[in-house]
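For reference, the structure discussed in these notes is given below.
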DNA sequence: GTCAATATTTATGTATACAAGAATACTAGT
DNA sequence: ACTAGTATTCTTGTATACATAAATATTGAC
């Protein structure tokens, strides 16, 4: 290992959790992970410590680490907060966006249109992320951007499920169009409201998804 | 050490950073900390890992950990986000607070009045924290509450400075009264606005404080 | 005397060893 | 056969050892 291993392990494991390689509630055995990644327990533990600090895993004393499995109520709250933060990012973006930001937003939106047109849910999922990242960047608040990215990341698994909902891509795309228009027009409160609703809708749909989720496991 | 050491160390070091025992920019030497707390480097490192995950320290590969010293711009952004989150908590509290919450809010407010009356800045600082915690709790969103507490904690050092500003206690108290009234009246948007402004004012004052800060070091 | 190249030292990163608590298996007694 | 108590195993938590990169000091040349 040439460079800092625990950093990479942190990313690997975090990614594994977010993409479902490690399922919620799953026990993360240190020696098992160590073998898996071909390292000793030390960097594994350091990675798990970091993940516990950001709330992705829970470490119970003397009983090891498990992937947190937030109650539906809590996930709903996370969407609620996400909605507010996205709204804030949109409001700031409306006020502060530069020409570079505008081009990035339009390009991201175009990508979404493209993948929606070809009915490619995976591609749309990816491009949608880019769209939201562009908004965060346009807010010109690096702290808000960091916070949004972190929360967005944690909600990934739940958001991914939502694209399976019928017609969601089309609706999402329409909402994006309205959001972009509001931001580029400099209409802060409209941008805030539209983004907030955009996420809240996802949260509302979430209750439907919770009905399906248990079966998937 | 009978129980999980790294957890305690994490809290100790975090507290040290937040209260100024470890100054921003200060290098956190592992062996030094290990000696200081009478443990080996291992749990110290695990504690530092956790602190780096929440952004309180920065770990540069092979170059050790330092207490992060956010640029003024970034601190301002943190206040901006804090304002929005507090506003959200207030809005939710206005809608969802129970009788227990109401009593807690009134009690917290009474404590603030008391310490303000006796011109005790330290006591007011403490009671003020209790007031805000009561609002978070009344929001009945455990995730929002956690986020607010975490951010509130990180802004502690900067907020502490602000009470030195002349008359700040009196003004703060008046604002609290308005906030409580809005929450108890169930006026969500008024509560949001008042709380947002309450924090933003702190942020605005912050620019003044940045002029003083460099001298203090 | 100053700068550069090299040697030494110091601190971090990772692995391993050891200690102790929790989970599990096993044995004995009813 | 089932329960309770004990023994064993397994895993985490902490300490220590070793390797390696960065920082510092030293020496030599100009």
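Residue numbers (the numbering used here), protein chains in the order written: chain A, 80 to 296; chain B, 80 to 296. Cβ atoms here follow ideal geometry from the backbone N, Cα and C, with glycine treated the same way.
Under the three-state DSSP convention, the category residue i falls into
| i | result |
| --- | --- |
| residue 264 of chain B | coil |
| residue 124 of chain A | helix |
| residue 259 of chain B | helix |
| residue 117 of chain B | coil |
| residue 81 of chain B | For residue 81 of chain B, the predicted model reports a pLDDT of 37, less than 50, meaning its position is unreliable; a value from the coordinates is still stated below. In the structure shown, residue 81 of chain B sits in coil (DSSP, three-state: anything other than H, G, I, E or B). |
| residue 135 of chain B | coil |
| residue 95 of chain B | helix |
| residue 88 of chain A | helix |
| residue 144 of chain B | strand |
| residue 272 of chain A | helix |
Where residue i meets chain A, residues with beta-carbon distance less than 7 Å
| i | result |
| --- | --- |
| residue 258 of chain B | In chain order: nothing, as chain A lies at least about 18 Å away. |
| residue 136 of chain B | The contacting residues do not exist; residue 136 of chain B stays about 11 Å from chain A at best. |
| residue 163 of chain B | 163 and 167 |
Contacts that residue i makes with chain B (C-beta to C-beta distance below 9 Å)
| i | result |
| --- | --- |
| residue 131 of chain A | 129 and 132 |
Best match in the options for proximity to residue i [C-alpha to C-alpha]
| i | options | result |
| --- | --- | --- |
| residue 334 of chain A | A/144, A/262 and A/160 | Nothing can be reported for residue 334 of chain A: it is not among the residues displayed for chain A, which extend from 80 to 296. |
| residue 182 of chain A | A/216, A/152, A/249 and A/166 | A/216 |
| residue 144 of chain A | A/150, A/254, A/156 and A/131 | A/131 |
| residue 221 of chain A | B/88, B/114 and B/158 | B/158 |
| residue 180 of chain A | A/152, A/219, A/198 and A/200 | A/219 |
| residue 254 of chain A | A/270, A/230 and A/241 | A/270 |
| residue 212 of chain B | B/192, B/172 and B/196 | B/172 |
| residue 277 of chain A | A/106, A/224, A/263 and A/162 | A/162 |
| residue 142 of chain A | A/231, A/109 and A/206 | A/109 |
| residue 196 of chain B | B/249, B/123 and B/124 | B/249 |
| residue 116 of chain A | A/129, A/89, A/136 and A/97 | A/89 |
| residue 236 of chain A | A/113, A/148 and A/107 | A/148 |
| residue 112 of chain A | A/127, A/214 and A/150 | A/127 |
| residue 155 of chain A | A/238, A/194 and A/260 | A/238 |
| residue 247 of chain B | B/281, B/225, B/260 and B/266 | B/281 |
| residue 165 of chain A | A/133, A/122 and A/226 | A/226 |
| residue 86 of chain A | B/83, B/103, B/137 and B/122 | B/137 |
Within chain B, partners of residue i - CB distance below 7 Å
| i | result |
| --- | --- |
| residue 83 of chain A | 140 |
Go through the stretch 163-238 of chain A residue by residue and report every complete run of the alpha helix (DSSP H) that reaches 4 residues or more, in order.
178-196, 200-217 and 221-233
Short of 7 Å Cβ to Cβ, which residues in the stretch 220-241 of chain A face chain B?
220, 221, 222, 223 and 226
Against chain B, which members of the stretch 145-160 of chain A pass a CB distance test of less than 7 Å?
153, 156, 157, 159 and 160
Using a Cβ-Cβ cutoff of 9 Å, what residues of the stretch 105-126 of chain A are near chain B? List them in chain order.
121, 124, 125 and 126
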